[in-house]
Every structure is written in structure tokens, then in C-alpha cells.
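Chemist: Protein chains in written order, with my numbering: chain A, -4 to 195; chain B, -4 to 195. Every residue, glycine too, gets a C-beta built ideally from N, C-alpha and C. Predicted, not measured: the structure shown is a model, and the values here were computed from it.
(1) Buried or exposed for residue 182 (chain A), going by 16 or more other Cβ atoms inside 10 Å?
(2) Whole angstroms is fine: what's the gap from residue 101 (chain B)'s alpha carbon to residue 95 (chain B)'s?
(3) Excluding five sequence neighbours on each side, which residues of the same chain lie with their C-beta closer than 6 Å to the C-beta of residue 38 (chain A)?
(4) Does any C-beta atom of chain B lie closer than 7 Å to the C-beta of residue 104 (chain A)?
(5) Which chain B residues are close to residue 120 (chain A), counting only those with a beta carbon under 8 Å from its beta carbon?
(6) Let me check understanding here. Comparing Cα to Cα, which of A:177, A:26, A:3, A:67 lies closest to residue 107 (chain A)?
(7) Who are the neighbours of residue 93 (chain A) on chain E, taking C-beta pairs under 7 Å?
(8) Strictly below 7 Å CB to CB, what residues from chain A border residue 174 (chain B)?
(9) Using a beta-carbon distance cut-off of less than 8 Å, what residues from the segment 155 to 170 of chain A approach chain B?
(10) Rounded to whole angstroms, how far is the Cβ of residue 188 (chain B) from the Cβ of residue 0 (chain B), which I believe are closer than 8 Å?
(11) Taking its Cβ as the centre, do 16 or more other Cβ atoms sit within 10 Å of residue 168 (chain B), making it buried, or is it exposed?
(12) Could you tell me whether the Cβ of residue 189 (chain A) comes closer than 7 Å to any Cβ of chain B?
(13) Thinking residue 115 (chain A) and residue 3 (chain A) are a contact (beta carbons under 8 Å), I'd like their distance in whole angstroms, please.
(14) Are the beta-carbon atoms belonging to residue 162 (chain B) and residue 104 (chain B) less than 7 Å from one another?
(15) Compute the Euclidean distance between the alpha carbons of residue 69 (chain A) and residue 83 (chain A), then round it to the nearest angstrom.
(16) Thinking C-beta only, is residue 6 (chain A) closer than 7 Å to residue 97 (chain A)?
(17) Are three or more beta carbon pairs between the segment 128 to 144 of chain A and the segment 11 to 24 of chain A nearer than 8 Å?
(18) Kindly list, in the order they appear in chain B, the residues whose Cβ is closer than 7 Å to that of residue 177 (chain A).
(19) Could you pull out every residue in the same chain whose Cβ sits closer than 8 Å to the Cβ of residue 17 (chain B), ignoring the five residues on either side in sequence?
(20) Does DSSP classify residue 158 (chain B) as helix, strand or coil?
(21) Any idea what DSSP makes of residue 18 (chain A), helix, strand or coil?
(22) Could you round the C-beta distance between residue 26 (chain B) and residue 176 (chain B) to whole angstroms and report it? I think they count as a contact, below 8 Å.
(23) Look up residue 179 (chain A) in the DSSP assignment and say whether it is helix, strand or coil.
(24) Would you decide whether residue 99 (chain A) is buried or exposed? Buried here means 16 or more other CB atoms lie within 10 Å of its CB.
(25) CB-CB under 8 Å to residue 88 (chain B), same chain, minus the five flanking residues each way: which ones, in chain order?
(26) In the DSSP assignment, find the unbroken beta strand (DSSP E) run with residue 116 (chain A) in it and report its ends.
(27) Can residue 52 (chain B) and residue 60 (chain B) be called in contact, C-beta distance under 7 Å?
Structure follows, in C-alpha cells:
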């Protein structure tokens, strides 16, 4: 019998506005046996958010304690709030042979890479920078100033591509989801990820 | 713009009787932009076989000349006939960004690996050896003696698995085809296989 050794951590990242959140969401409807990584945060739960489902909600002291205990694969402060990926949640699920998807910005992805180089890092790339600019403007979340800052950041982020195992261009959502799904299926078949048990 | 650098050579191999031919045939109905490697042989064309389509038919002297010219990625003698994978056909198509599928026995795959370590090697594995024995008997091509010889060979071939990049267990044909297809799609997204052209 041939089985999988361990779960695999798939990190889905890319420039802001590239559509990695949309891809990740669509992916979960197309593939089974994957688990979304749940972040720890100090921000206040919104209506309907469930502890341990959307986030693990903690207070600032608890968060800082986890930093001191090396409890995060990555963490960041965004305005007044902390967000982090709990190492224990990831490690325990991988040991149970559950594959995990972590969707994260490129800064976070690089931190995770340092802590878990055995993860599989997938970079979602825009078809070209002009197209990305259009998307950032279209979604209308951002001010003009923030759009300009983001665009120069995008060029820098594209430089990070070389730290990734795979690059998926998000030109067409359905196609991009199919490619990420293919990467997950393929990685499960990698020689290094399988285990042979006594064949009879 | 992000494009592929070169074509990729996918080598599909595995023990005799494991179903690699069936998988390869079904694969071609499910994926585009792949080309089947065409072998060179000294055997006489059968009715309906077309030069350059099924095989490149040559005489023994021509074949031996190709051996001397290092013209094969692998070759073998089977009974009175020679068979080989022409290096030039593969290299020229890879340079034209055509992905190539080569379906071959495990001996041949190891020869190809020596000559083209950058190829992607996919091992088709039986769910277990008992199941493989059943399949070899069912297809009825082989004598009892040959069945016994093959079974002991299978155990040896499973030892070769470690030289491969991927292992696909052929428990269910459709699932196995989907996995090989996923490997092809994923490899096309590998960071090492892509090329960035000036983004505008």
C-alpha cells in the first residue's frame, strides 16, 4: 500500500489585489481534504464570527506571550491589531496528514518560508502590472494615494517570485483555480511525500 | 507577461502490466499541447502503421549508426528488433516549447534519466503486487512461466521508484489519469519553468 507521509502546507501568496483570496475561496469548492489555516488575532470579533472558525481571538497579552514562545510561523501588526499564523495548529494538522492552505501577503509568506521551508509556496501573479492596477482601482477599497503606493509595492513584490515553488498567473479565475488544484494533487504524488507499506 | 521557457519531457513508466499504456492513451484525450514521443524501430511496419506517426522505421544499419552518433536517449533490443527514443526529435520539440510524453518500461526510463535528468519522471505503481499479478494474468498475453518471471521482476522494479519525481497509484484509471494530468499542469507552473518578459 502506498500512502501519504504527512500533510503538506500550501502557502498561497502574491501582490495585493491579485485575487488570491478569490482563488482560495473557489479552490475550497473544488478540492477535498484541505483545511484553511486559522489566524490568531487581537482584533474584536465581528458579528457572526466564531472563535476557532474565522479566527482565534486573543488579547494583546496572550498574543505577545505567543510571540515570546515562538508560537507563530509569521505574525504582523496591522494598525492597532496583531495577526499571526499559529505554529501549533499547523504542525498538529500536518501530523494528522491534513493538508493546509495558508493565504497570506508576500511579507508573511517570506516569514513562513524561513520557519517552514518544506512548505509549498505558490505565487499568484497578475497577467501584467497594468491589469493589476485596473483591478486595484475597480475593487474601490483604496484611496488614490494608497493605489500609487500599492503599485510601486507590486513591482517590488514581483521580485520575490523567485522564493516560490510555483507561479500561477491569474488571467482567468477558473483556469487559475484549476492550476492551484493541480499543484495540490501533484504535490501529494511527489516521491518524497509518499510512504510504502509492506506490499502483499 | 509570464510564459514557459521550454517544453518539458514527461516520462511515464512503471512495472509491466501496471496500465501505463492505458493511462497515457486516456491522458491524450484530457490534455492539450502535449506530443507523444515517436520511437525509432527496425521492425517491419504493420498494416496501417505510418512512418513518423507510429514509429520511425529504419534498417539495422541506420539504427546502429544512430547508436554510434549518440542519437538515442535510450534504446533496447527486443528479440530481433531494436527500439529507441531519438534524442533529436525530443530536443527539437522541447526547444519549440512542446511538452513531450514518453511512455516506457523502467529500464528505458533509467537510461533516459541519465541522459535527460531535467525530465519529469512519473512512476505508475500498482495498488499492491497481488493486484498487479491479477492484471497480468487477466490480460492473457503471457505464459505461466513468463507471469512468474514478471512478478519477481515487479518487486525489483518497485525498488526503482526512488529515482522518480512522482508516484501515481493506478487503483482507479480515471483518478490516475487526473493525477498525471495534474502533474503536467503543475510542472508547467514551476518557478524554474517560467520566464518573465518586461511587464508594462
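Modeler: Looking at the atomic coordinates:
(1) buried
(2) 18 Å
(3) 76
(4) no
(5) -3
(6) A:67
(7) Within the model displayed, chain E is absent; protein chains A and B are what it includes.
(8) 180, 184
(9) 156, 157, 159, 160, 161, 162, 163, 164
(10) 6 Å
(11) exposed
(12) yes
(13) 6 Å
(14) no
(15) 12 Å
(16) yes
(17) yes
(18) 177, 180, 181
(19) 168
(20) helix
(21) helix
(22) 5 Å
(23) helix
(24) buried
(25) 2, 30, 95
(26) 115 to 120
(27) no
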